[in-house]
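Just add 3 to wherever you are in the sequence shown, counting from 1, and you've got my numbering.
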Amino acid sequence: MSQIRYLTAGESHGQTLVVIIEGFPANLEINFEQIDKELARRQSGYGRGGRMKIETDKAEFIAGVRFGKTTGAPIAVLVKNKDWENWGTKMSVRPVDEEIEKIVIPRPGHADLVGVTKYDLNDIRNSIERSSARETAVRVVAGALAKQLLKQYGVEIFSFVERIGGVEGSGDLYQKLLNKETVDFDNLMKLAEASELRVTEPDSESQLKDKIREAKKEGNTLGGTFAVIAKGLVAGVGSFVHYDRKLDSALAHSIMSINAVKGVEIGAGFTTAIKPGSEIHDEIILSDGSIIRKTNRAGGIEGGTSNGEDILVRAAMKPIATLMMPLKSVDLSTFTEVDARRERSDFTAVPACAVIGESVVAWTLAEILSR
Ligand code: EPS
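Dropping the structure here:
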């Protein structure tokens with residue numbers, strides 16, 4: 004296998020999103036249904052806005068696959084935007100005769116202002132379209148393909164949401180995984196999968212939904228934290244010999260590349276700064292003649308290299324930047340202080356972010372294995 008890589012293109016309300024994946028091995032049988040299932044998982048979650056009611060994301064393979072198997076050639080996949088029909092003129096690739104209203108009021112926390120400043124644009128629309136989290140749909144396609152590849156190496160990826168807007172949804176499950184306490188992992192992941200909020204404690208759902216409804220009512224949005232777990236990765240993936248071979252840095256990079264993610268922890272992460280070494284480092288013990296770690300506070304990575312334990316990653320997503328109760332901003336056409344612009348958006352998207360987290364972790368592991 005040669006080193007795999009991908010590129011995406013496409014605007015939120017353009018005709019289509021596209022991903023080109025290169026270096027994928029030949030003869031891999033593609034499970035198309037599974038890829039569409041992953042897309043549906045990304046679209047789900049209580050607290051999403053109107054857009055997800057319009058779209059039914061489907062992966063359309065247009066190159067690199069024949070009779071259901073990869074050929075070794077670059078793979079191209081489209082995820083079409085149904086909403087484009089409503090945006091034809093506003094998102095026309097060719098010049099149009101009619102006057103299209105420009106967006107001139109940036110939203111705090113969004114890429115709006117930095118986007119128009121960096122690219123010298125006079126219409127925020129040009130910046131919004133590409134900075135939108137809509138692009139993650141095709142990253143999920145790449146991740147879904149990576150998952151199918153990783154399955155052949157016995158690696159499986161899971162995720163759950165820990166809390167949204169400060170309300171707990173999965174108790175201290177992440178802590179238990181760090182401590183390697185016995186948990187019914189398969190059942191907990193089934194509960195997360197069945198939950199509209201990807202939480203493992205069904206009893207917490209009503210409180211979480213109340214919190215989201217409350218935020219929606221007051222025109223606010225909520226962020227949260229989620230965890231991604233990779234099981235079955237052999238020891239020795241990644242390396243300490245050079246900075247760009249470190250598995251933890253690659254994972255942190257991939258998670259931080261997801262829209263609205265502001266924090267990443269590997270294993271016990273920030274807690275390691277508070278506790279003494281005796282309470283942080285994982286003792287090396289013998290179990291049935293094999294060397295294992297007694298706990299997994301390192302999140303399965305020591306010296307930038309996998310140690311055979313589960314990979315544990317936790318991330319923080321900030322609240323979505325579009326507020327119906329707008330914060331202060333400046334009208335760039337008049338240079339006057341005004342309320343920030345409102346537009347259709349999600350009230351929370353943490354469950355979707357967790358699915359995207361799975362995808363980017365899957366891709367990163369597959370990419371490092373392909374080197
Ligand atoms: C998203 C599509 C977007 C947003 C959201 C995520 O669609 P639209 O802008 O048409 O409502 O719902 O994106 C953002 C929050 C953002 O700031 O861009 C998606 O497909 O995930």
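Beta carbons are placed, not taken as given, at the ideal position from N, Cα and C, and that holds for glycine.
Determine which residues share a DSSP beta bridge with ALA66 and list them.
In the sequence shown, residue 66 corresponds to position 63, counting from 1. According to DSSP, which records beta bridges pairwise, ALA66 is partnered with ALA79.
Mind checking if GLY239 is an interface residue toward chain C, Cβ cutoff 8 Å exclusive?
Any reference to chain C falls outside this structure, which holds one protein chain only.
Could you say if the region 100-113 and the region 123-132 meet the contact criterion of at least three C-beta pairs nearer than 8 Å?
yes
Is ASP349 near ligand 1, judged by its Cβ being under 7 Å from some heavy atom?
Taking the first residue of the sequence shown as 1, we reach residue 349 at position 346. It does: the Cβ of ASP349 is within 7 Å (strictly closer) of some heavy atom of ligand 1.
Taking ALA76 as the reference, which of SER290, ILE24, VAL119 has the closest Cα?
Within the sequence shown, numbered from 1, the residue matching residue 76 stands at position 73. Out of SER290, ILE24, VAL119, ILE24 has the C-alpha closest to the C-alpha of ALA76.
Which stretch, first to last residue, makes up the beta strand (DSSP E) that contains ASP334?
In the sequence shown, residue 334 corresponds to position 331, counting from 1. Run containing ASP334: 331-334, per the beta strand (DSSP E) assignment.
Buried or exposed: ALA238, going by 16 or more other Cβ atoms within 10 Å of its Cβ?
As a first step, residue 238 must be located in the sequence shown, where it is residue number 235. Exposed.
Cα-Cα, which of LYS56, GLY302, GLU286 is closest to VAL267?
For this step, residue 267 is matched to residue 264 along the sequence shown. VAL267 has its Cα closest to that of GLY302, out of LYS56, GLY302, GLU286.
Taking a contact to mean a Cβ-Cβ separation below 8 Å, would you say ILE1 touches VAL117 in this structure?
The structure shown does not extend to residue 1, since the chain spans only 4 to 374, so no value can be given for it.
With respect to the beta strand (DSSP E) encompassing VAL231, which residues constitute its N-terminal and C-terminal limits?
For this step, residue 231 is matched to residue 228 along the sequence shown. 227-234 is the span of the beta strand (DSSP E), which, as asked, contains VAL231.
If I measure Cβ to Cβ from LYS61 and keep anything under 8 Å in the same chain, skipping five residues before and after, which residues do I get?
Residue mapping note: residue 61 aligns to position 58 of the sequence shown, counting from 1. Cβ neighbours of LYS61 within its own chain (closer than 8 Å, five residues either side excluded): ASP39, LEU42, VAL82, LYS83.
Locate the alpha helix (DSSP H) running through ALA136, then write down its first and last residues.
Sequence index remark: in the sequence shown, residue 136 carries index 133 (1-based). Here ALA136 belongs to no alpha helix (DSSP H), and DSSP marks it neither H nor E.
On the DSSP bridge assignment, give the partners of THR73 in chain order.
Within the sequence shown, residue 73 is the residue found at index 70, counting from 1. Answer by DSSP bridge pairing, in chain order: VAL68.
What residue range does the beta strand (DSSP E) around MET320 cover?
Numbered from 1 along the sequence shown, position 317 holds the residue referred to as residue 320. Its beta strand (DSSP E) spans residues 314-320.
Nearest by alpha-carbon distance to ASP251: which of GLY280, ALA29, LYS193, ILE314 is it?
For the purposes of this step, residue 251 is taken as the residue at position 248 of the sequence shown. The candidate whose alpha carbon is nearest that of ASP251 is ILE314.
Answer yes or no: do ARG325 and ARG137 have a C-beta to C-beta separation smaller than 8 Å?
Counting from one through the sequence shown, the residue named residue 325 turns up at place 322. Counting from one through the sequence shown, the residue named residue 137 turns up at place 134. One detail in the question is off: residue 325 reads as Thr in this sequence, not Arg. Not in contact: THR325 and ARG137 (Cβ atoms no closer than 8 Å).
Enumerate in chain order the residues of its own chain whose CB-to-CB distance from GLY52 is below 6 Å, with the five nearest sequence positions on each side excluded.
Here residue 52 is taken as the residue at index 49 of the sequence shown, counted from 1. Counting only Cβ-Cβ distances below 6 Å, and skipping sequence neighbours, we find ARG347, SER348, ASP349.
Between ASN299 and the rest of its own chain, which residues show a CB-CB distance below 8 Å, the 5 nearest in sequence each way excluded?
Taking the first residue of the sequence shown as position 1, residue 299 is located at position 296. Correct list, in chain order: LEU180, LEU181, ASN182, LYS183, GLY270, ASP285, GLU312, ASP313, LEU315.
On the DSSP letters alone, give me the boundaries of the alpha helix (DSSP H) that GLU217 sits inside.
Position 214 of the sequence shown, counted from the first residue, corresponds to residue 217. Per DSSP, GLU217 belongs to the alpha helix (DSSP H) from 208-220.
Report buried or exposed for LEU289, applying the criterion of at least 16 other Cβ atoms within 10 angstroms of its Cβ.
Reading the sequence shown from its first residue, position 286 is the one you call residue 289. Per the 10 Å Cβ criterion, exposed.
To which residues of the same chain is ALA357 closer than 6 Å at the C-beta, ignoring the five residues directly before and after it?
To locate residue 357, count along the sequence shown from 1; it is residue 354. Excluding positions up to five away in sequence, the list reads SER162, VAL164, ARG201, PHE229.
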